[in-house]
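Start counting at 1 in the sequence shown, then tack on 97, and there's your number in the numbering used here.
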Amino acid sequence: VIANKTKNSKSPEFWKWIQRGRKFEKEYLLPRLKNRASDEYIQLREKVQNTCDVNLDQYDMYSQVQFKYNDVGDYFVADQVYVKWGKDVDGLDEIQDIVVVEDKLSSGTRLTTNQNGGKAANSLTVRSNNSRPESLVSGLELPKNVVIDTNNKWIKIYDSEKGDVISDIIRL
Numbered sequence: 098v099i100a101n102k103t104k105n106s107k108s109p110e111f112w113k114w115i116q117r118g119r120k121f122e123k124e125y126l127l128p129r130l131k132n133r134a135s136d137e138y139i140q141l142r143e144k145v146q147n148t149c150d151v152n153l154d155q156y157d158m159y160s161q162v163q164f165k166y167n168d169v170g171d172y173f174v175a176d177q178v179y180v181k182w183g184k185d186v187d188g189l190d191e192i193q194d195i196v197v198v199e200d201k202l203s204s205g206t207r208l209t210t211n212q213n214g215g216k217a218a219n220s221l222t223v224r225s226n227n228s229r230p231e232s233l234v235s236g237l238e239l240p241k242n243v244v245i246d247t248n249n250k251w252i253k254i255y256d257s258e259k260g261d262v263i264s265d266i267i268r269l
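Below, the structure written as structure tokens:
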């Protein structure tokens with residue numbers, strides 16, 4: 098339903114849907130996911146635990162991270178990325194695992210072509226032209242050009258099309 102309404106970017110309806118999606122992500126969801134005591138974060142943590150077998154409390158949170166997914170330089174922007182940090186053999190910080198979370202306005206909203214390309218890739222590379230993404234929780238920066246195994250842990254959080262409540266959380 099929404100896809101048909103949003104095909105024409107010159108349509109006023111298109112921009113209404115875009116605004117609702119931004120409201121859901123930036124005004125409703127993001128502040129709540131940053132708060133590890135919120136009902137929304139707890140709901141996400143439980144879904145990730147049950148479907149991906151990871152404890153999201155051990156992961157750092159980043160928002161709006163650009164990831165390259167092929168040698169051509171194609172990329173997508175992940176709404177949220179949860180990163181598990183660890184130490185390499187030399188005792189340096191390294192990324193051990195990630196969970197990619199995409200916010201959508203309804204259950205029928207599909208991933209974009211580039212998001213599907215990223216989901217199909219075996220690894221992703223942080224692509225940030227101006228600055229490196231900084232964690233909303235710890236303040237740690239994501240290193241640019243580091244190759245990260247994806248492990249196919251993709252989650253979709255979607256709304257009721259109004260931008261103000263989580264309808265469901267599913268693993269993609």
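All C-beta atoms, glycine included, are put in the ideal place defined by N, C-alpha and C.
In the structure shown, V244 adopts extended strand secondary structure according to DSSP, grouped into three states. Shown here, K259 sits in coil according to DSSP, grouped into three states, outside any helix or strand.
Residue burial annotation: S108 is exposed, with fewer than 16 other C-beta atoms found within 10 angstroms of its C-beta. Under DSSP, K184 takes part in a beta bridge, and its partners are D190. About 16 angstroms separates the CB atoms of N248 and V223; that is not less than 8 angstroms, and the two are not in contact.
Close CB contacts of Q140 within its chain, under the 8 angstroms cut and outside five residues either way in sequence, are with I263, I266 (chain order). In this structure, DSSP gives R142 a helical state, which the three-state scheme calls helix. The C-alpha of G118 lies about 10 angstroms from the C-alpha of E124.
Y125 carries a helical assignment under DSSP once its states are collapsed to helix, strand and coil. The region 188-197 makes contact with the region 249-262; the number of CB pairs closer than 8 angstroms reaches 3 or more. According to DSSP, K201 shares a beta bridge with Y255. For Q163, the enclosing beta strand (DSSP E) has its first and last residue at 157-165. Within the same chain, Cβ atoms closer than 8 angstroms to the Cβ of Q146 are found at N152, L153, the five residues on either side in sequence being excluded.
L237 is a Cβ neighbour of W182, given a cutoff of 8 angstroms. Between Y138 and K201 a beta carbon distance of about 18 angstroms is seen, past the 8 angstroms cut, so the two are scored as non-contacting. For T222, there is no enclosing alpha helix (DSSP H); the enclosing beta strand (DSSP E) has its first and last residue at 220-223. Straight-line spacing of the CA atoms in L239 and K259 works out to 32 angstroms. Residues of the same chain with a CB within less than 6 angstroms of the CB of W112, apart from the 5 flanking positions on each side, do not exist.
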